[in-house]
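For the sequence shown, the UniProt record's numbering gives the first residue as 1, with consecutive numbering after it. Idealized CB from N, CA, C, for every residue including glycine.
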Amino acid sequence: MISKKEKENRREELQKKLQRYSDAYYSQNESLISDYEYDMLLKELEQLEKELQIENKSSITQKVGSSLKNTKFQKTTHKTPMLSLSNTYEIGEIEDFLLRAKKNLNMTDNLEVEMEIKLDGLSISIIYEKGKLVRAVTRGDGIVGEDVTENVLQIESIPHELSEAFDIEIRGEIVLPFSEFENLNKIRIEKGEEVFANPRNAASGTLRQLDPKIVKERHLAAYFYFIVNAEQYGIHSQKESILFLEKLSLPTTKICEIFQDSSKLEDRINYWSSEREKLPYETDGLVLKINDISLWEKLGSTGKSPRWAVAYKFPAKQVTTKLLDITWQVGRTGKITPVAELEEVELSGSRVKRASLHNYDEIVRKDIRIGDTVFIEKAAEIIPQVVKAVKEDRTGKEKKIEAPEHCPICESILEREEGLVDLKCINKHCPGKIQGEMEYFVSRDGMNISGLGGRILEKLLSLHYLENVSDIYSLKEKREELEQLDKMGKKSIENLLSSIEESKKTSYDKVLYALGIPFVGKVAAKLLAKESKNILKLQTMTEEELQQIEGVGEKMARSIVDFFQNETKKQLIQNLIDIGLCFTLKDGVEASTEAKIWQGKNFLVTGTLSKYTRAELQEDIEKSGGTNLSSVTKKLDYLIVGEKAGSKLEKAKALGSVTILTEEEFLALKEKLTKQ
Ligand code: IVH
């Protein structure tokens with residue numbers, strides 16, 4: 001049992017902490033802890049206040065948004081307060097919310113629920129008079145907000161005039177789409193400026209610029225979800241509100257789903273939990289609203305949030321933890337990468353102890369020190385990334401991280417190529433590099449050999465059973481030695497050896513990929529295989545000849561020539577030829593029966609797709625006679641863009657000659673052409 005005194009102390013501590021976090025979030029666009037951790041502390045405080053029977057109007061638990069202490073903008077009072085939403089991370093609590101609403105309404109029948117995306121930006125209220133946009137105000141503390149009209153007028157998707165001369169107040173969220181967020185940060189890095197930690201901070205920082213020109217440049221977007229006093233316009237449900245907004249050409253997310261009861265809700269929540277990655281903007285959850293607007297007034301609000309809506313928040317993608325140390329790793333190309341060793345935390349359902357930090361320059365740019373509280377994030381990558389350090393939490397005891405001078409594996413002196421950020425180990429015999437090469441060689445996109453994971457490779461390397469990738473094919477002569485090894489049972493040795501034998505059938509393009517020529521990825525390896533037809537030809541091609549191949553640029557051409565001139569590599573390729581690996585093109589791809597609708601056309605697929613993976617779409621294109629390029633060049637005919645398409649889309653647009661298609665448009669075009 002915790003004593004009353006202890007509860008009082010904890011309550012005070014939480015008040016102070018949360019006030020500090022909230023001030024930083026709203027006034028400095030700065031997150032000191034993750035949203036999830038904030039919500040959990042807030043819930044703990046709410047619970048304590050309940051237990052201690054404290055009703056304090058000035059408690060942080062009663063507040064909506066910021067206090068507007070240091071605003072540079074004119075303050076405006078909202079005619080209708082802008083409330084917040086109560087939230088939960090538990091699907092089960094949604095059922096409780098619905099039961100409570102039914103009870104309050106004395107209802108026994110089903111209650112229709114509408115579900116939308118919860119956008120993670122900043123809320124805005126916009127007033128149109130006689131159809132003209134006259135005022136745009138931020139939420140502020142819910143009662144008084146900041147007048148940001150001039151800035152909102154710079155947002156392209158917000159109409160200055162409606163198609164009908166309505167007097168209307170609408171509410172929604174201003175966000176910075178992922179593609180714009182990435183562009184903005186890229187420019188900031190180039191200029192040596194600090195990057196924005198996430199799109200929300202960037203959107204909020206942008207809208208608070210005093211210079212509207214900057215707002216215009218950054219391409220904010222807005223999505224609306226609420227009409228104040230909607231019934232005035234003959235609207236009876238939330239769904240009708242969304243349709244009404246769309247009719248007025250006001251942007252909405254178009255995601256608006258209706259449920260007659262809660263049975264199918266869970267499925268859809270799970271669906272959106274994974275699909276959200278494909279949306280072009282950041283979302284932190286879903287909002288569930290009782291669809292019938294006439295019930296809203298009956299349910300009322302708690303002062304802070306309405307009783308007719310609840311937010312379900314997705315599991316946290318970011319959490320904070322302590323950075324304990326940095327370990328340096330060496331990859332197949334000799335690139336040295338720092339790995340963050342962390343105090344173990346839970347992130348999206350798994351325990352995390354290590355995270356990636358790209359390169360030393362990133363550590364310097366983000367000013368990350370050992371002992372810092374850091375944000376870690378699981379994005380599209382499987383390995384979590386360190387996002388930033390919380391400088392406000394520093395005690396002075398944190399240690400700066402020095403760049404290593406020696407390779408962590410072979411201890412040779414590291415080099416840094418001019419103009420490049422990466423530190424490199426240039427020792428040809430570095431076991432760390434060789435292990436990296438081998439992991440790449442056996443990977444699924446390469447020779448697809450199973451049973452040679454990192455640990456086993458490390459062991460075989462240390463015993464000198466393997467010195468280069470061709471030795472993998474001699475492992476069958478070392479069966480007895482393998483049997484002596486720890487954790488290598490007869491069955492797993494059998495499987496490994498047969499997987500090695502099987503890999504001899506791997507096609508020429510995959511063998512080329514597996515060789516690990518710098519800058520030659522999967523797509524480029526296919527192009528090179530198709531053009532050269534066999535390795536003997538490829539080995540003799542000059543830089544100029546290589547550059548004639550569509551999709552092969554200067555850097556790649558030089559790298560290929562260098563690779564084939566290297567004596568060790570020449571010997572290795574000869575060994576692999578002798579072993580019987582496939583170094584000539586078989587007409588697998590050409591033999592397909594698909595109609596050659598894309599003959600002579602060049603494609604590039606970029607961004608995150610929704611229906612197919614990028615590899616599937618590329619294969620599909622090839623089957624129909626098209627060619628996949630690896631970069632945007634003048635010869636590119638079609639660019640297929642998924643979500644978060646970045647610089648490739650910009651380049652293609654700038655060329656003007658490229659047809660840009662979404663995945664759906666591509667599939668529709670394919671269907672049309674196939675039918676002809
Ligand atoms: S409805 C009366 N719908 O989330 C409350 N809010 O955490 C009306 N938000 O203040 C809000 N997406 O800024 C609503 N589809 C959505 C939303 C949404 C994001 C924001 C909004 C709200 C905050 C609460």
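The beta-bridge partner set that DSSP reports for Tyr312 consists of Thr88, Leu286. In the displayed model, Thr77 falls within a strand according to three-state DSSP. Tyr89 and Arg100 have their C-alpha atoms spaced approximately 18 Å apart.
If you check the C-beta of Phe226 against ligand 1, you find a heavy atom less than 7 Å away. For Tyr508, the CB contacts under 8 Å within the same chain, skipping 5 residues up- and downstream, are Ala529, Asn534, Ile535, Cys582, Phe583, Thr584, Leu585, Lys586 in chain order. Residue range 4–27 is occupied by the alpha helix (DSSP H) that includes Gln15. Taking a cut-off of 8 Å for Cβ pairs, the segment 290–301 and the segment 217–236 touch, as three or more such pairs fall below it.
Those residues that have a beta carbon less than 5 Å away from any non-hydrogen atom of ligand 1 are, in order along the chain, Leu83, Ser84, Leu85, Glu116, Lys118, Leu119, Ser123, Glu173, Tyr225, Val287, Pro306.
Rounded to the nearest angstrom, the Cβ distance from Ser249 to Pro159 is 6 Å, consistent with a contact under 8 Å. Each of Leu667, Gly172, Asn185, Glu150 was checked against the Cα of Val287, and the nearest Cα belongs to Gly172.
Short of 7 Å from the beta carbon of Arg268, and not among the five residues preceding or following it, lie these beta carbons of its own chain, in chain order: Met115, Glu257. Counting along the chain, the unbroken alpha helix (DSSP H) around Thr540 starts and ends at 535–540. Only buried fits Asn201, as 16 or more other CB atoms lie within 10 angstroms of its CB.
The three-state reading of DSSP puts Arg139 in coil, since its state is none of H, G, I, E or B. For the pair Glu246 and Thr253, the CB atoms are not nearer than the 8 Å cut-off.
Assignment of beta-bridge partners to Arg354 by DSSP yields Glu341. The shortest C-alpha to C-alpha distance from Pro384 to any of Phe196, Ser125, Thr320 is the one to Thr320. Secondary structure note for Gln47: its alpha helix (DSSP H) is the uninterrupted segment 35–51. Using a 10 angstroms sphere on the CB of Met107, the tally of other CB atoms stays under 16, which defines it as exposed. Take the alpha-carbon of Glu150 and the one of Gln676: they are about 52 Å apart.
The count of Cβ pairs closer than 8 Å, one atom from the segment 334–343 and one from the segment 440–449, stays below three, leaving the stretches out of contact.
In the three-state reduction of the DSSP assignment, Pro404 falls in the coil class. As summarised for the segment 233–271, the continuous alpha helix (DSSP H) elements at least 4 residues long and confined to that stretch are 238–247, given in chain order. DSSP places Asp620 in the uninterrupted alpha helix (DSSP H) bounded by 614–623. Ranked by Cα distance from Cys410, the first of Lys400, Glu663, Gly432 is Gly432. Looking at Glu481, Gln28, Asp471, the one whose alpha-carbon comes closest to that of Ser67 is Gln28. In the structure shown, the three-state DSSP call for Val442 is helix.
Between Ser470 and the set Leu111, Met447, Phe564, the nearest pair of CA atoms involves Met447. If you ignore the 5 residues before and after Lys601, its C-beta comes within less than 8 Å of the C-beta of Gly625, Gly626, Thr627, Asp637, Tyr638, all in its own chain and listed in chain order. Sixteen is the threshold: since fewer than 16 other Cβ atoms of the shown chains lie within 10 Å of the Cβ of Ser657, the residue is exposed.
Here Ala654 is exposed. Its C-beta has fewer than 16 other C-beta atoms within 10 Å. Between the beta-carbon of Ile94 and that of Tyr312 there is about 6 Å, and that keeps the pair under the 8 Å contact cut.
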